[in-house]
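Q: According to this note's numbering, the sequence shown is numbered sequentially starting from 3.
Here's a structure for you.
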Amino acid sequence: MPDTTSLSCAVPVFFATSEGQTRRIAERLAAVLHDLGFDSRAIDVAGPDAARLDWTKVQGALVGASLHAGTHQKAADRFVRAHAFDLNAVASAFFSVSLSAASKNQHEVDAAANLARAFPAARGWKPVTIVSVAGRLAYREYGFFIRWVMKRIARKEGAPTDTSRDYELTNWTQVEQLAREMAHRLRTREAVA
Ligand SMILES: Cc1cc2nc3c(=O)[nH]c(=O)nc-3n(C[C@H](O)[C@H](O)[C@H](O)COP(=O)(O)O)c2cc1C
């Protein structure tokens, strides 16, 4: 039987992921927020916890999704459309995870930043912060065809091409900084409320 009791969380970090990196980033954000004294946890946008969240208890929210073939996950699209009103009522941030964010080609970096900005804007959500974060090249997890495609893309973007191992491209300092900025914003809001 699904758990239908409401879930209380002051600063949920929602994520949509295809290969797991956006989940890891969401978990790190929630861990830093927790260490800073906030009730925070990572929540899959498509999972049961997202559906039973009590939005009246939410003070701030982060949402993350990753880029695949130039678009973010449909689950993130559905979630943000359904909750744009709730998200706009609190301090919120969007983080977009991609390979392009780590590109040596500035045009690719800018393109990823533009896609990150376009995602909330097209869904009626106005986050105070939008960041483009580098993800992971998980060569060992891809099937033959995707590995071949990703190697070609990686070569074009100046990323590693040795497919015998995975590459962590995420700047964890940037991720932790995002969590600290959100904590600061929430404390400032509390102080003026
Ligand atoms: C099939 C596939 C398509 C991808 N397409 C893009 C893309 O269009 N642009 C980009 O910057 N990164 C792209 N990536 C890289 C992913 O965004 C990156 O690996 C990210 O860490 C995935 O996050 P996730 O593990 O949370 O799904 C792609 C990766 C895969 C496997």
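The beta carbon of each residue, even a glycine, is placed where N, CA and C say it ideally should be.
Compute every distance between the C-beta of Tyr144 and the non-hydrogen atoms of ligand 3, then say whether any falls below 7 Å.
A: Among the ligands present in this structure, namely ligand 1, ligand 3 is not found.
Q: Following a CB-centred definition, is Ile148 positioned closer than 7 Å to any heavy atom of ligand 1?
A: Yes - ligand 1 has a heavy atom lying nearer than 7 Å to the Cβ of Ile148.
Q: May I ask which residues mark the beginning and end of the beta strand (DSSP E) holding Leu89?
A: First-last for Leu89: 76-90, but that is the alpha helix (DSSP H), not the beta strand (DSSP E).
Q: Which one of Ser102, Asp46, Thr163, Ser42 has the shortest CA to CA distance from Val82?
A: When only C-alpha atoms are compared, the closest one is Asp46.
Q: Distance, Cα to Cα, Gly49 vs Lys106?
A: Their Cα atoms are separated by approximately 35 Å.
Q: What's the call for Ser134, buried or exposed, on a 16-neighbour Cβ count within 10 Å?
A: Ser134 should be labelled buried.
Q: Between which two residues does the alpha helix (DSSP H) containing Ala53 stretch?
A: Element bounds for Ala53: 50-53.
Q: Under 7 Å from any heavy atom of ligand 1, does the C-beta of Leu180 make it?
A: No, Cβ of Leu180 sits at least 7 Å from all heavy atoms of ligand 1.
Q: Can Thr131 and Glu170 be called in contact, C-beta distance under 8 Å?
A: No, these two residues do not count as a Cβ contact at 8 Å.
Q: In angstroms, rounded to a whole number, what distance separates the CA positions of Leu9 and Arg154?
A: Distance between the alpha carbons of Leu9 and Arg154: 44 Å.
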